[in-house]
Amino acid sequence: MPFGHDMVHSLATVVELVNTSPSTGGDDGLVDLAELQSFVDSREISGVGALTARDLGQVRQVREAFHRVFTAPDQPAAVRLLNGLLTETRITPRLTEHDGHPLHVHYHAADASLAEHLAADCGVALAHLLVEDEWERLRTCSAPDCERVFVDESRNRSRVYCDSRTCGNRMHVAAYRARRRA
Numbered sequence: 161m162p163f164g165h166d167m168v169h170s171l172a173t174v175v176e177l178v179n180t181s182p183s184t185g186g187d188d189g190l191v192d193l194a195e196l197q198s199f200v201d202s203r204e205i206s207g208v209g210a211l212t213a214r215d216l217g218q219v220r221q222v223r224e225a226f227h228r229v230f231t232a233p234d235q236p237a238a239v240r241l242l243n244g245l246l247t248e249t250r251i252t253p254r255l256t257e258h259d260g261h262p263l264h265v266h267y268h269a270a271d272a273s274l275a276e277h278l279a280a281d282c283g284v285a286l287a288h289l290l291v292e293d294e295w296e297r298l299r300t301c302s303a304p305d306c307e308r309v310f311v312d313e314s315r316n317r318s319r320v321y322c323d324s325r326t327c328g329n330r331m332h333v334a335a336y337r338a339r340r341r342a
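Going by my numbering, the sequence shown runs without a break in its numbering and finishes at 342.
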């Protein structure tokens with residue numbers, strides 16, 4: 161997937177955002193403003209002012225909308241869901257350089273809330289994946305006890321686990337032990 165820094169960053173951000181959802185089988189990773197601020201800081205989301213309870217609620221709604229895109233049964237459903245999200249988002253493309261990153265495009269309006277920022281930038285990144293007919297790269301982990309999402313960036317689209325060091329390793333060890341017992 162030959163995408164620039166901004167696309168790669170936005171795709172990683174949407175994956176991390178969705179994986180904070182209890183819908184992915186874990187605990188809610190955005191229970192308060194401190195966790196939301198931690199997410200903003202870890203993803204280096206620029207131009208975000210003081211966060212409010214309203215931001216937290218809106219980001220949770222955007223998170224669930226993105227989760228529905230990742231878990232859509234097929235590409236037409238993913239397109240419909242993503243279009244619904246993008247229709248409700250002010251998208252104002254502009255070129256920018258900041259924080260030592262090369263020239264790239266931001267799609268959110270300059271005065272956008274955090275939720276609008278995420279919906280615009282991450283939504284456009286997902287839209288580019290769909291336009292490039294790469295919908296099948298949006299995946300849910302194949303480990304039976306994990307529902308985390310990821311973008312399969314492998315050349316041959318063969319990645320099946322959200323993280324090879326955790327779920328992948330655990331599943332390979334379980335398979336090895338089962339073979340040894342047989």
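Just so you know, even glycine gets a beta-carbon here, dropped at the ideal spot from N, CA and C.
As the structure is a computational prediction, the values presented were derived from the model and not from experiment.
Use the C-beta contact count for residue 303: other C-beta atoms within 10 angstroms, 16 or more gives buried, fewer gives exposed.
-> Position 143 of the sequence shown holds residue 303. The residue is buried, with at least 16 neighbouring Cβ atoms inside 10 Å.
So, are the CB atoms of residue 225 and residue 232 less than 8 Å apart?
-> Taking the sequence shown and counting its residues from 1, the one referred to as residue 225 is at position 65. Taking the sequence shown and counting its residues from 1, the one referred to as residue 232 is at position 72. Not a contact, by the Cβ cut-off of 8 Å.
Of the residues 163, 279, 234, which one's Cα is nearest the Cα of residue 246?
-> If you number the sequence shown from 1, residue 246 lands on position 86. Considering only alpha carbons, the answer is 279.
Inter-stretch contact (C-beta, 8 Å, three-pair minimum) for the segment 179–198 and the segment 207–220 | yes
Could you check which residue in 341, 328, 274, 168 has the C-alpha nearest to that of residue 305?
-> Within the sequence shown, residue 305 is the residue found at index 145, counting from 1. Here the closest residue by C-alpha is 328.
With distances taken from CA atoms, which of 227, 241, 301 is nearest residue 320?
-> The residue you call residue 320 lines up with position 160 of the sequence shown. Closest option to residue 320, Cα to Cα, is 301.
Roughly how many whole angstroms lie between the Cα atoms of residue 131 and residue 298?
-> Outside the displayed range of the chain (161 to 342) lies residue 131, so it cannot be described from this structure.
Beta-carbon proximity list for residue 288, same chain, < 8 Å, skipping 5 on both sides = On the sequence shown, residue 288 is found 128 positions in, with the first residue counted as 1. Counting only Cβ-Cβ distances below 8 Å, and skipping sequence neighbours, we find 163, 167.
With 16 other Cβ atoms within 10 Å as the buried cut-off, status of residue 283 = Residue 283 sits at position 123 when you count from the first residue of the sequence shown. Classification of residue 283: buried, given that the 10 Å Cβ count is 16 or more.
Residues near residue 211 by beta carbon distance below 8 Å, same chain, minus five either side | Position 51 of the sequence shown holds residue 211. Cβ within range, chain order: 193, 196, 197, 200, 274.
Residue 286 vs residue 174 beta-carbon contact at 8 Å | Taking the first residue of the sequence shown as 1, we reach residue 286 at position 126. Taking the first residue of the sequence shown as 1, we reach residue 174 at position 14. Closer than 8 Å, so yes.
4 or more residues per run - each alpha helix (DSSP H) lying fully within the segment 179–261 | 193–202, 213–230, 235–247
Can you name, in chain order, every residue of its own chain whose Cβ lies under 8 Å from the Cβ of residue 309, other than the five neighbours on each side?
-> The residue you call residue 309 lines up with position 149 of the sequence shown. Within the same chain, residue 309 has close Cβ partners 175, 178, 179, 184, 227, 230, 231, 298, 299, 300, 301, 322.
As assigned by DSSP and simplified to three states, the class of residue 330 | Working through the sequence shown from its first residue, we reach residue 330 at position 170. Correct three-state label for residue 330: helix.
Beta-carbon separation of residue 264 and residue 252 under 8 Å?
-> In the sequence shown, residue 264 corresponds to position 104, counting from 1. In the sequence shown, residue 252 corresponds to position 92, counting from 1. Cβ atoms of residue 264 and residue 252: not closer than 8 Å.
Can residue 261 and residue 165 be called in contact, C-beta distance under 8 Å?
-> Taking the first residue of the sequence shown as 1, we reach residue 261 at position 101. Taking the first residue of the sequence shown as 1, we reach residue 165 at position 5. For residue 261 and residue 165, yes; Cβs fall inside 8 Å.
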